[in-house]
Amino acid sequence: MEKLPFGGTSVYAQVVKIDATSVRSGFPSLTRSVDGRAAAYLDGPGGTQVHASVIDAMAGFMARGGSNLGGPFATSHETGAVVADARAALADLFGARPHEIVFGQNMTSLTFSLSRALSRTWSVGDNIVLTKLDHDANVSPWMQAADAAGVAVRFVDFDPERGCDLDLDTLDAALDDRTRLVAFTYASNAVGTVTPVDEIVERAHSVGALTYVDAVHYAPHGRIDVTASDTDFLVVSAYKWFGPHTGCMYGKEDLLSAIEPYKLRPAPETSPDRWETGTQSFESLAGVTAAVNYLASLGSGATRRERIISAYEAISVYEAELAERFLSGIATMPRVTLLGHTTPTSRTPTFAIDIEGITPDDVATRLGDLGCFVWAGNYYAYEVMQRLDRSEDGLVRVGFVHYNTIAEIDRVLAEIEALS
Ligand SMILES: Cc1ncc(COP(=O)(O)O)c(C=O)c1O
């Protein structure tokens with residue numbers, strides 16, 4: 000079996016290939032230009048472009064005549080079907096079951112909601128474990144819930160000298176029989192490091208702690224399998240994988256039923272609906288289904304889940320080629336420092352760099368003027384920047400997804416070289 004760049008092995012003898020020209024023709028915004036230069040969207044980690052089928056699905060929902068859930072008429076029944084379809088789509092994306100899928104405004108809001116609810120089960124003397132590799136959306140909500148419940152917070156460190164890998168010794172040191180939760184990222188939205196999810200879940204479960212995995216950054220790049228990893232919760236945001244601004248959470252069925260969410264009267268008593276506060280963005284849910292179907296369309300197989308798995312294999316092979324190109328170019332530039340893994344293995348194609356003598360903000364602004372859209376600052380990877388001693392200015396972030404091309408990488412490398 001073929002070894003895949005982000006870990007895992009191919010289950011298909013023949014990996015489907017990404018055809019960048021055909022992929023790009025499905026994204027209307029990729030034809031945009033800046034002062035006569037084609038726009039290079041290298042800001043995928045901040046949010047990807049939206050596939051045409053997603054735009055059509057969202058507009059179609061509104062054009063047909065939408066309505067709220069629960070009415071005894073056609074449009075309401077159709078809205079019910081939109082929600083059910085979206086749950087089924089996410090279940091296929093995660094390797095889960097539809098009633099284990101909860102939707103919400105975004106990942107941050109879902110995390111605040113779950114953290115408040117879960118903290119009702121914690122007692123003084125308990126502790127929770129977070130990591131320094133995480134986006135703050137998987138740190139602050141838990142810290143605030145812990146503070147309100149009188150629960151200690153412990154941090155897992157990462158090693159800047161070793162690809163910014165999580166230091167699992169510090170995880171072991173943090174865990175004990177009073178640990179209630181380990182919340183950690185699947186991949187860093189700053190330095191791209193992918194974490195050993197299965198192993199962390201296993202260690203957390205060995206002391207009886209629940210796990211909450213932030214897969215927001217990982218989801219456009221690699222296959223998720225909540226059943227294989229056995230995580231209790233996992234969360235993604237569809238705008239990071241070619242869809243609309245909607246958060247999607249997986250939770251084990253028994254936990255979604257047992258934990259008491261904050262909700263209105265008379266909110267639904269049954270999960271997952273009782274976790275969904277207020278009226279959902281139904282047009283976005285139509286878009287979420289279309290985004291999953293778009294991903295699946297890149298792969299082959301008899302079922303949608305099989306096509307998703309096959310698509311991620313193709314994506315990870317293609318993105319590893321992009322990453323290789325970028326890494327070998329950056330390695331020739333003495334005034335550019337790269338934080339994180341220097342090979343495409345165990346990382347996403349998301350790169351945090353520093354150019355000697357120019358602030359990250361200046362770099363991003365100058366590249367932006369040239370039509371290369373990259374980010375600068377901390378992108379809410381607050382703990383990461385503290386640990387890397389970059390909390391003042393942050394770092395430049397250049398990120399690729401499968402609609403980016405080798406030509407775009409050569410172009411941004413040339414612009415970075417000209418600046419350095
Ligand atoms: C790794 C990671 N986690 C969480 C978030 C927050 O997601 P949302 O905007 O859906 O709240 C982001 C957003 O950039 C992210 O990159």
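For what it's worth, numbering that gives the first Met the number 0 labels the leading residue of the sequence shown as 0, then goes sequentially. Quick reminder that beta carbons are idealized off the backbone N, C-alpha and C, glycines included.
Within 10 angstroms of the Cβ of Gln279, are there 16 or more other Cβ atoms? Answer buried if so, exposed if not. Locating residue 279 in the sequence shown gives position 280, counting from the first residue. Answer is buried; the Cβ neighbour count reaches 16.
Assuming contact is defined by CB atoms lying nearer than 8 angstroms, are Leu117 and Cys247 in contact in what I supplied?
Numbered from 1 along the sequence shown, position 118 holds the residue referred to as residue 117. Numbered from 1 along the sequence shown, position 248 holds the residue referred to as residue 247. Cβ atoms of Leu117 and Cys247: not closer than 8 angstroms.
Task: CA-to-CA distance, Asp164 to Ala413, given in whole angstroms - done: Counting from 1 along the sequence shown, the entry for residue 413 is found at position 414. Counting from 1 along the sequence shown, the entry for residue 164 is found at position 165. Spanning the two alpha carbons is a distance of roughly 29 angstroms.
### Message
Cutting at 8 angstroms between CB atoms, please list the residues of its own chain near Ile422, excluding the five before and the five after it.
### Response
With the chain covering only 0 through 419, there is no way to say anything about residue 422.
Mind checking Pro27: buried by the 16 CB within 10 Å criterion, or exposed?
Residue mapping note: residue 27 aligns to position 28 of the sequence shown, counting from 1. Exposed, since its Cβ has fewer than 16 Cβ neighbours within 10 Å.
Quick check on the DSSP output: the beta strand (DSSP E) that includes Ser236 runs from which residue to which? Residue numbering aside, residue 236 sits at position 237 when the sequence shown is read from its first letter. It spans 232-236 - the beta strand (DSSP E) in which Ser236 sits, taken as one unbroken run.
| task | Under 6 angstroms Cβ to Cβ from Tyr238, same chain only, skipping five residues before and after it: list those, please. | result | By 1-based counting over the sequence shown, the position of residue 238 is 239. The residues are Gly46, His244.
Exercise. Output the distance between the C-alpha atoms of Leu321 and Pro348, rounded to the nearest integer angstrom.
Key: Walking along the sequence shown from the start, residue 321 turns up at place 322. Walking along the sequence shown from the start, residue 348 turns up at place 349. Spanning the two alpha carbons is a distance of roughly 7 angstroms.
* CB of Met248 to nearest heavy atom of ligand 1: below 7 angstroms? -> Position 249 of the sequence shown, counting from 1, holds the residue named residue 248. False, no ligand heavy atom lies under 7 angstroms from that Cβ.
query: Counting along the chain, where does the alpha helix (DSSP H) carrying Phe325 start and finish?
result: Stepping through the sequence shown from its first residue, residue 325 is reached at position 326. 303-329 is the span of the alpha helix (DSSP H), which, as asked, contains Phe325.
Requested in this report: Please classify Phe420: is it buried, with 16 or more other beta-carbons within 10 angstroms of its beta-carbon, or exposed?
Outcome: Because the chain spans 0 through 419 in this model, residue 420 falls outside it and cannot be assessed.
Can you list, in chain order, the residues of its chain whose CB lies under 8 angstroms from that of Thr466, leaving out five sequence neighbours each side?
-> Residue 466 lies beyond the stretch modelled for the chain, which goes from 0 to 419, so this question has no answer here.
Return the chain-ordered list of same chain residues with a C-beta closer than 7 angstroms to the C-beta of Ala12, the five sequence neighbours on each side being excluded.
What you label residue 12 is simply residue 13 of the sequence shown in a count that begins at 1. Per-residue confidence for Ala12 stands at a pLDDT of 45, beneath the threshold of 50, marking its modelled position as unreliable; the derived number appears in the next sentence. Answer for Ala12: no residue qualifies.
Helix, strand or coil at Thr358 [DSSP, three-state]:
Stepping through the sequence shown from its first residue, residue 358 is reached at position 359. Residue state, collapsed to three classes: coil.
Item to complete: Classify Gln48 as buried or exposed, calling it buried when 16 or more other Cβ atoms lie within 10 Å of its own Cβ.
Response: Working through the sequence shown from its first residue, we reach residue 48 at position 49. Gln48 is buried by the Cβ-count criterion.
Tell me which residue opens and which closes the alpha helix (DSSP H) that Val155 is part of. As a working note, residue 155 is residue 156 in the sequence shown. Segment 151-155 is the beta strand (DSSP E) holding Val155; no alpha helix (DSSP H) there.
How would you call Gly124, buried or exposed, if buried means at least 16 neighbouring beta carbons within 10 angstroms? As a first step, residue 124 is located in the sequence shown; it is residue number 125 there, counting from the start. By the 10 Å Cβ count, Gly124 comes out exposed.
Exercise for the section: Return the residue from the list Met332, Leu294, Thr130, Phe241 that minimises the CA-CA distance to Thr194. Expected result: Position 195 of the sequence shown, counted from the start, is the residue given in the question as residue 194. It is Thr130 whose Cα lies nearest to the Cα of Thr194.
| message | I'd like the span of the alpha helix (DSSP H) that includes Thr178, first residue to last. | response | For the purposes of this step, residue 178 is taken as residue 179 along the sequence shown, with counting starting at 1. That residue, Thr178, is in no alpha helix (DSSP H); its beta strand (DSSP E) goes 178-184.
Selected residue, minimal CA-CA separation from Arg115, among Asp409, Pro260, Glu318: Counting from 1 along the sequence shown, the entry for residue 115 is found at position 116. Comparing Cα positions, the closest option is Pro260.
Keeping to the same chain, check which residues put their C-beta closer than 6 angstroms to that of Gly191; ignore five residues upstream and five downstream.
Indexing the sequence shown from 1 puts residue 191 at position 192. Hits under 6 angstroms: Gly339, Arg346, Thr347, Thr349.
Could you tell me which whole alpha helix (DSSP H) segments of length 4 or greater appear in the segment 355-406? 359-368, 381-386
* To do: Look at Ile17 and Leu297 and say whether their C-beta atoms are less than 8 angstroms apart.
  => In the sequence shown, the residue the question calls residue 17 occupies position 18. In the sequence shown, the residue the question calls residue 297 occupies position 298. Yes, the pair counts as a contact, with Cβ atoms nearer than the cut-off.
Item to complete: Ignore the nearest five residues each way along the sequence and tell me which others in Tyr381's own chain have a CB closer than 6 angstroms to its CB.
Response: Here residue 381 is taken as the residue at index 382 of the sequence shown, counted from 1. Same-chain partners within the cutoff: Asp135.
_Pairwise C-alpha distance: Gly242 and His50_ = As a working mapping, residue 50 is identified with position 51 in the sequence shown. As a working mapping, residue 242 is identified with position 243 in the sequence shown. Going by the C-alpha atoms only, they are around 7 angstroms apart.
| task | List in chain order: all unbroken beta strand (DSSP E) runs of 3+ residues lying wholly within the segment 102-182. | result | 126-130, 151-155
Buried or exposed: Thr230, going by 16 or more other Cβ atoms within 10 Å of its Cβ? In the sequence shown, residue 230 corresponds to position 231, counting from 1. With 16 or more other Cβ atoms within 10 Å, it is buried.
* Do you know how far the Cα of Ile357 is from the Cα of Trp274? -> Here residue 274 corresponds to residue number 275 of the sequence shown, with the count starting at 1. Here residue 357 corresponds to residue number 358 of the sequence shown, with the count starting at 1. Answer to the nearest angstrom: the Cα atoms are 46 angstroms apart.
>> Suppose you measure from the CA of Ala145 to the CA of Ala173; what does that come to, to the nearest Å?
In response: Counted from its first residue, the sequence shown places residue 145 at position 146. Counted from its first residue, the sequence shown places residue 173 at position 174. For Ala145 and Ala173, the distance between alpha carbons rounds to 15 angstroms.
(message) Does the structure place the segment 253-268 close enough to the segment 281-295 that three or more beta carbon pairs sit under 8 angstroms?
(response) no
Exercise. According to DSSP, what are the bridge partners of Tyr211?
Worked result: The sequence position of residue 211 within the sequence shown is 212, counting from 1. Tyr211 pairs with Ala182, Phe232.
**Item:** Residue environment, Met0, which counts as buried when at least 16 other CB atoms sit within 10 Å
**Value:** Along the sequence shown, one-based indexing puts residue 0 at 1. The predicted position of Met0 is uncertain, since its pLDDT is 47 and thus under 50; a value taken from the coordinates is nonetheless stated next. Exposed, since its Cβ has fewer than 16 Cβ neighbours within 10 Å.
For this session: Report the rounded CA-to-CA distance for Tyr402 versus Trp374, giving the unit in angstroms.
Result: Indexing the sequence shown from 1 puts residue 402 at position 403. Indexing the sequence shown from 1 puts residue 374 at position 375. Straight-line Cα distance between these residues: approximately 18 angstroms.
| request: In the DSSP assignment, find the unbroken alpha helix (DSSP H) run with Asp332 in it and report its ends. | output: For the purposes of this step, residue 332 is identified with residue 333 of the sequence shown, where counting begins at 1. Residue identity check: residue 332 is Met in the sequence provided, not Asp. Taken as a continuous stretch (DSSP letters only), Met332 belongs to no alpha helix (DSSP H), as it is neither H nor E.
inquiry  = Does the distance between the C-beta of His220 and the nearest non-hydrogen atom of ligand 1 fall short of 7 angstroms?
reply    = Numbered from its first residue, the sequence shown carries residue 220 at position 221. His220 Cβ: outside cutoff for every heavy atom of ligand 1.
Is the beta carbon of Asp91 closer than 8 angstroms to that of Val291? Looking up residue 291 in the sequence shown gives position 292. Looking up residue 91 in the sequence shown gives position 92. Closer than 8 angstroms, so yes.
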